[in-house]
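> First residue of the sequence shown? That's 19 in my numbering, and the numbers climb one at a time after it.
Note that beta-carbon positions come from the ideal geometry of N, C-alpha and C, so glycine has one too.
This is the structure, below, for whatever I ask next.
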Amino acid sequence: MIYLIIFFVLHWFASVFFQTAFLHRYASHKMFTMGPVREKIFFIFTWMSQGSSYLVPRAYAVMHRMHHDFSDTEKDPHSPHFFKDVISMMLKTKEIYTGFVTGKLTAASKYCQDLPVWEKFEKFAGSSYTRLAWGALYTAFYLLIIIKFDLSYFWLLLLPIHYLMGPIHGAIVNWCGHKYGYSNFNNHDKSKNSEPIGFLLMGELFQNNHHKYPTSANFAKRWFEFDPTYVILVMMHYTGIIRLQNK
Ligand SMILES: [Zn+2]
Ligand SMILES: [Zn+2]
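As structure tokens, this is what we get:
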């Protein structure tokens, strides 16, 4: 049982970290810089951590930049205030995101500047075969542990969370982060700081702070707030892996 819990927790936090660090803070906001080789390493780690639900950084970034400009208005790609439930919000988000991945949708050029692009890798990582292979791997691991330790097959109910890890994190942040919690700033939108569950999303749920200071790498703004991803980024900065802006 412990192996399944460790696997779940590792997959959850690795996926959250690369989503917030690479897709959000780097690809969308350029809060730090790094050389081309390191950028490719981040691409690969993001793919490995998100696995079957890998999100293409450039499409994520374009959509996210629009979210900032149109936060909680009708043009926001995923404001919870324009959908009756989280599923319909995420289906619409998926449609817009897929449009940017395939090129069916285009955005104003100001949203498309300075995006990380690695076409060959995006094609491979985003293909149905690769996604299915990840899904098969998660399933095989669960079955192996269940059979080896004679555990209940109810553990398999956790598998859909592994299959959809990236979008599930996105759904929690987009829904809760603009609906539940407190505000430090008036951003003329409905962004909130959804504490105390924020640690599960490694700082991403400080949406109210982040919309006020969208280029600040530290999402925590008051003495009792803590952004674990920022601490990791500072360590990566001082070890020379990345270069944080404004440091
Ligand atoms: Zn937001
Ligand atoms: Zn942002």
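Which of helix, strand or coil does DSSP assign to asparagine 236?
As a first step, residue 236 is located in the sequence shown; it is residue number 218 there, counting from the start. In this structure, asparagine 236 counts as coil in the three-state DSSP scheme.
> Which of the three DSSP states is assigned to asparagine 202 in this structure?
Here residue 202 refers to the residue found at position 184 of the sequence shown. Residue state, collapsed to three classes: coil.
> Go to tryptophan 241, then tell me how far its alpha helix (DSSP H) extends in each direction, as first and last residue.
As a first step, residue 241 must be located in the sequence shown, where it is residue number 223. Looking at the DSSP string, tryptophan 241 is not in any alpha helix (DSSP H), and its letter there is neither H nor E.
> Grouping DSSP H, G and I as helix and E and B as strand, with all else coil, what is asparagine 227?
One-based indexing of the sequence shown puts residue 227 at position 209. Asparagine 227 falls in the helix class under three-state DSSP.
> Based on Cα-Cα distance, which residue from Val135, Pro134, Phe172, His42 lies nearest to leucine 219?
What you label residue 219 is simply residue 201 of the sequence shown in a count that begins at 1. Among Val135, Pro134, Phe172, His42, the Cα nearest to that of leucine 219 belongs to His42.
> Which residue from Ile260, His187, Ile215 puts its Cα closest to that of methionine 108?
Walking along the sequence shown from the start, residue 108 turns up at place 90. Checking every option, the nearest Cα to that of methionine 108 belongs to His187.
> Opposite threonine 51 in the DSSP bridges: which residues?
If you number the sequence shown from 1, residue 51 lands on position 33. Threonine 51 is bridged by DSSP to Arg261.
> Going by C-alpha distance, which of Pro232, His255, Gly221 is nearest aspartate 87?
Position 69 of the sequence shown, counting from 1, holds the residue named residue 87. Of the listed residues, the one whose Cα sits closest to aspartate 87 is Pro232.
> Locate the alpha helix (DSSP H) running through histidine 96, then write down its first and last residues.
For the purposes of this step, residue 96 is identified with residue 78 of the sequence shown, where counting begins at 1. It is not in any alpha helix (DSSP H) - histidine 96 carries neither H nor E in the DSSP assignment.
> Got a list of residues with beta-carbon closer than 6 Å to any non-hydrogen atom of ligand 2, in chain order?
Here the residues come out as His42, Ser46, His47, His82, His86, His228, Pro232.
> What I want to know is whether the C-beta of glutamine 225 ends up closer than 6 Å to one or more non-hydrogen atoms of ligand 1.
Position 207 of the sequence shown, counted from the first residue, corresponds to residue 225. Checking the Cβ of glutamine 225 against ligand 1 gives yes.
> Only counting the same chain, and skipping five residues up and downstream in sequence, which positions put a Cβ closer than 7 Å to that of phenylalanine 224?
For this step, residue 224 is matched to residue 206 along the sequence shown. Excluding residues within five positions, the ones whose Cβ falls inside 7 Å are Asn211, Gly216, Phe237, Ala238, Glu243, Asp245.
> In whole angstroms, what is the alpha-carbon distance linking phenylalanine 159 and leucine 174?
Looking up residue 159 in the sequence shown gives position 141. Looking up residue 174 in the sequence shown gives position 156. Cα-Cα distance, rounded: 10 Å.
> Do you know how far the Cα of phenylalanine 167 is from the Cα of alanine 39?
Indexing the sequence shown from 1 puts residue 39 at position 21. Indexing the sequence shown from 1 puts residue 167 at position 149. Between alanine 39 and phenylalanine 167, the C-alpha separation is close to 36 Å.
> Please go through the same chain and pick out, in chain order, the residues whose beta-carbon is closer than 6 Å to the beta-carbon of serine 70, but skip the five residues on each side of it.
Position 52 of the sequence shown, counting from 1, holds the residue named residue 70. Excluding positions up to five away in sequence, the list reads Arg149, Trp152, Gly153, Tyr181.
> So the candidates are Asn264, His96, Phe139, Met49; which of them puts its Cα closest to the Cα of proline 185?
Residue 185 sits at position 167 when you count from the first residue of the sequence shown. Checked all of Asn264, His96, Phe139, Met49; the closest Cα to proline 185 is His96.
> Quick check on the DSSP output: the alpha helix (DSSP H) that includes aspartate 87 runs from which residue to which?
Locating residue 87 in the sequence shown gives position 69, counting from the first residue. From DSSP, the alpha helix (DSSP H) with aspartate 87 extends over 75-87.
> Keeping to the same chain, check which residues put their C-beta closer than 7 Å to that of arginine 83; ignore five residues upstream and five downstream.
The count along the sequence shown starts at 1 and reaches residue 83 at position 65. If we look at arginine 83 and ignore the five residues flanking it on each side, its Cβ neighbours are Ser46, Tyr129.
> Where alanine 235 and lysine 265 are concerned, what is the direct C-alpha to C-alpha distance, given to the nearest angstrom?
Here residue 235 corresponds to residue number 217 of the sequence shown, with the count starting at 1. Here residue 265 corresponds to residue number 247 of the sequence shown, with the count starting at 1. Rounded to whole angstroms, alanine 235 to lysine 265 spans 10 Å at the Cα level.
> With 16 as the cutoff for other CB atoms within 10 Å, does valine 135 come out buried or exposed?
If you number the sequence shown from 1, residue 135 lands on position 117. With fewer than 16 other Cβ atoms within 10 Å, it is exposed.
> Of the choices Asp90, Leu123, Trp241, whose alpha-carbon is the least far from that of asparagine 205?
Residue mapping note: residue 205 aligns to position 187 of the sequence shown, counting from 1. The shortest Cα separation from asparagine 205 among Asp90, Leu123, Trp241 belongs to Asp90.
> Can the beta-carbon of phenylalanine 36 be found less than 7 Å from the beta-carbon of serine 67?
Translated into the one-based positions of the sequence shown, residue 36 becomes position 18. Translated into the one-based positions of the sequence shown, residue 67 becomes position 49. Result yes, Cβ atoms of phenylalanine 36 and serine 67 sit closer than 7 Å.
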